[in-house]
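Q: Please read through the structure below; I'll follow up with questions.
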Amino acid sequence: MKCDAPVGVFDSGVGGLSVLAEIRARLPDESLLYVADSGHVPYGEKSAEYIRARSLAISDFLVGQGAKALVLACNTATAAAAAELRAHYPDLPIVGMEPAVKPAAAMTRTGVVGVLATTGTLKSARFAALLDRFASDVRVITQPCPGLVERIEEGDLDGSETRRMLQQWIDPLLAEGCDTLILGCTHYPFLKPLLRQMLPAEISLVDTGAAVARQLQALLDGRDLRAPAGSSRPTRLWCSGDVDRLQRVLPILWQEPVDVQVLSAG
Ligand code: DGL
Numbered sequence: 003m004k005c006d007a008p009v010g011v012f013d014s015g016v017g018g019l020s021v022l023a024e025i026r027a028r029l030p031d032e033s034l035l036y037v038a039d040s041g042h043v044p045y046g047e048k049s050a051e052y053i054r055a056r057s058l059a060i061s062d063f064l065v066g067q068g069a070k071a072l073v074l075a076c077n078t079a080t081a082a083a084a085a086e087l088r089a090h091y092p093d094l095p096i097v098g099m100e101p102a103v104k105p106a107a108a109m110t111r112t113g114v115v116g117v118l119a120t121t122g123t124l125k126s127a128r129f130a131a132l133l134d135r136f137a138s139d140v141r142v143i144t145q146p147c148p149g150l151v152e153r154i155e156e157g158d159l160d161g162s163e164t165r166r167m168l169q170q171w172i173d174p175l176l177a178e179g180c181d182t183l184i185l186g187c188t189h190y191p192f193l194k195p196l197l198r199q200m201l202p203a204e205i206s207l208v209d210t211g212a213a214v215a216r217q218l219q220a221l222l223d224g225r226d227l228r229a230p231a232g233s234s235r236p237t238r239l240w241c242s243g244d245v246d247r248l249q250r251v252l253p254i255l256w257q258e259p260v261d262v263q264v265l266s267a268g
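Under this note's numbering, the first residue of the sequence shown carries the number 3, and numbering increases by one thereafter.
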């Protein structure tokens, strides 16, 4: 595998762009490929079998495009498919992600942590194992957020419907004394400015985008796969759904020029 080969990143839609931004900031020399599987969004309300099939099809596509590493910029796909993908590509560096339970448990002062995530992530065996490992000393209140990903796919980061949804979910968490809120879906970091307006200042928000970028760096370094300085090529993005909608929302979610194409594979 050549060092200047690209890194392949995917999510059910635009959410993984929050992770892509962290990767771009930490690893500016890497060339990036991104698949937004918006023809199949939301993953969070679909079966694990369905998400595994999508994750395999997209990963095959990205590997076919020459990806030297894969990033599952999606908590839901990681819970459903990371083990299968690692078995399928035993030699490929693969970075998955999961809600930031460990850092949140270390941060909370009230001992109450809230988790906003998809239904699929919260129902998964992987999330149950995460709580077993890291949350034995704190109270964790989980809150699925059906419908929220669709608002973000529409580019509605602060409209009345998005506010109404968030309010109904965060009010009970605050009433229970939660002081640390995990954003356990890669779409939700785009709501941080709105959440900061809606939440008291002492509530901490935690997500794992920066940790994913650090982990990718470590895996690439470990295999001598870091791109040489100055070798980065323009980011390429494929979308399996409504490309016009994506083009409309892209300017508010991603700051670099990007080449957008339709993903017909899978
Ligand atoms: N962005 C994804 C995640 O991190 C999935 C959202 C969805 O499609 O439901 O979980």
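All C-beta atoms, glycine included, are put in the ideal place defined by N, C-alpha and C.
Which of helix, strand or coil does DSSP assign to L124?
A: Helix.
Q: Is the Cβ-Cβ distance between A38 and C241 less than 7 Å?
A: Yes, the Cβ-Cβ distance between A38 and C241 is below 7 Å.
Q: Beta carbon of D13: closer than 6 Å to some heavy atom of ligand 1?
A: Result yes, Cβ under 6 Å from ligand 1.
Q: Can you have a look at K4 and say buried or exposed, based on whether 16 or more other CB atoms are within 10 angstroms of its CB?
A: When all chains shown are included, K4 counts as exposed.
Q: Using a 10 Å radius around the Cβ and a threshold of 16 neighbouring Cβ atoms, would you call I254 buried or exposed?
A: Exposed.
Q: Tell me, please, which residues DSSP counts as bridged to D261.
A: DSSP lists R238 as partners of D261.
Q: According to DSSP, is Q67 helix, strand or coil?
A: Correct three-state label for Q67: coil.
Q: Under three-state DSSP, which class holds A27?
A: Residue state, collapsed to three classes: helix.
Q: At a cut-off of 6 Å, is V37 close to ligand 1 when judged by its beta-carbon and the heavy atoms of the ligand?
A: No - ligand 1 has no heavy atom lying nearer than 6 Å to the Cβ of V37.
Q: Kindly examine ligand 1 and report whether one of its heavy atoms sits closer than 6 Å to the Cβ of V151.
A: Yes.
Q: How many Å lie between D246 and S266 at the Cα?
A: D246 and S266: Cα-Cα distance of roughly 15 Å.
Q: Report whether the distance from the Cβ of T144 to the nearest heavy atom of ligand 1 is below 6 Å.
A: Incorrect: T144 has no Cβ contact closer than 6 Å to ligand 1.
Q: If you follow the alpha helix (DSSP H) that T80 is part of, which residue opens it and which one closes it?
A: Looking at the DSSP string, the run of the alpha helix (DSSP H) that includes T80 is N77 to H90.
Q: Could you tell me the boundaries of the alpha helix (DSSP H) in which G224 lies?
A: Per DSSP, G224 belongs to the alpha helix (DSSP H) from G211 to G224.
Q: Assign G18 to one of two classes, buried (16 or more other C-beta atoms within 10 Å of its C-beta) or exposed (fewer than that).
A: It is buried - the Cβ of G18 has at least 16 other Cβ atoms within 10 Å.
Q: Just reading off the beta strand (DSSP E) that D13 is part of, what are its end residues?
A: Taken as a continuous stretch (DSSP letters only), the beta strand (DSSP E) holding D13 covers V9 to D13.
Q: Runs of 3 residues minimum, wholly inside the segment 142-204: which ones carry the beta strand (DSSP E) assignment?
A: For the segment 142-204, whole beta strand (DSSP E) runs of length 3 or above, ordered along the chain, are 182-185.
Q: Who does G116 pair with in a DSSP beta bridge?
A: DSSP, once it has assigned bridges, lists I143 and L183 as partnering G116.
Q: Whole-angstrom Cβ separation of T182 and N77, contact assumed at under 8 Å?
A: Rounded, the Cβ-Cβ distance is 17 Å, inconsistent with contact.
Q: V37 lies in the beta strand (DSSP E); which residues open and close that run?
A: Where V37 is concerned, the enclosing beta strand (DSSP E) stretches over L34 to A38.
Q: Are the beta-carbon atoms belonging to A82 and A50 less than 7 Å from one another?
A: Yes, the pair counts as a contact, with Cβ atoms nearer than the cut-off.
Q: Is any heavy atom in ligand 1 found nearer than 6 Å to the beta carbon of H42?
A: No; taking the cut-off as 6 Å, the Cβ of H42 has no heavy atom of ligand 1 nearer than that.
Q: Quick one: using the 10 Å Cβ neighbour count with 16 as the cut-off for buried, is V16 buried or exposed?
A: V16 should be labelled buried.
Q: Does the beta-carbon of R153 have 16 or more other beta-carbons within 10 angstroms, so that it is buried, or is it exposed?
A: When all chains shown are included, R153 counts as buried.
Q: Under the criterion of a Cβ to heavy atom distance below 6 Å, does T188 qualify as lining ligand 1?
A: Yes, the beta carbon of T188 sits closer than 6 Å to at least one heavy atom of ligand 1.
Q: Compare the Cα-Cα distances from A23 to each of D261, Q257 and V262 and report the closest residue.
A: Comparing Cα-Cα distances from A23 to each of D261, Q257 and V262, the minimum goes to Q257.
Q: Is it buried or exposed for G116, if we count other Cβ within 10 angstroms and need 16 for buried?
A: Buried, because 16 or more other Cβ atoms sit within 10 Å of the Cβ of G116.
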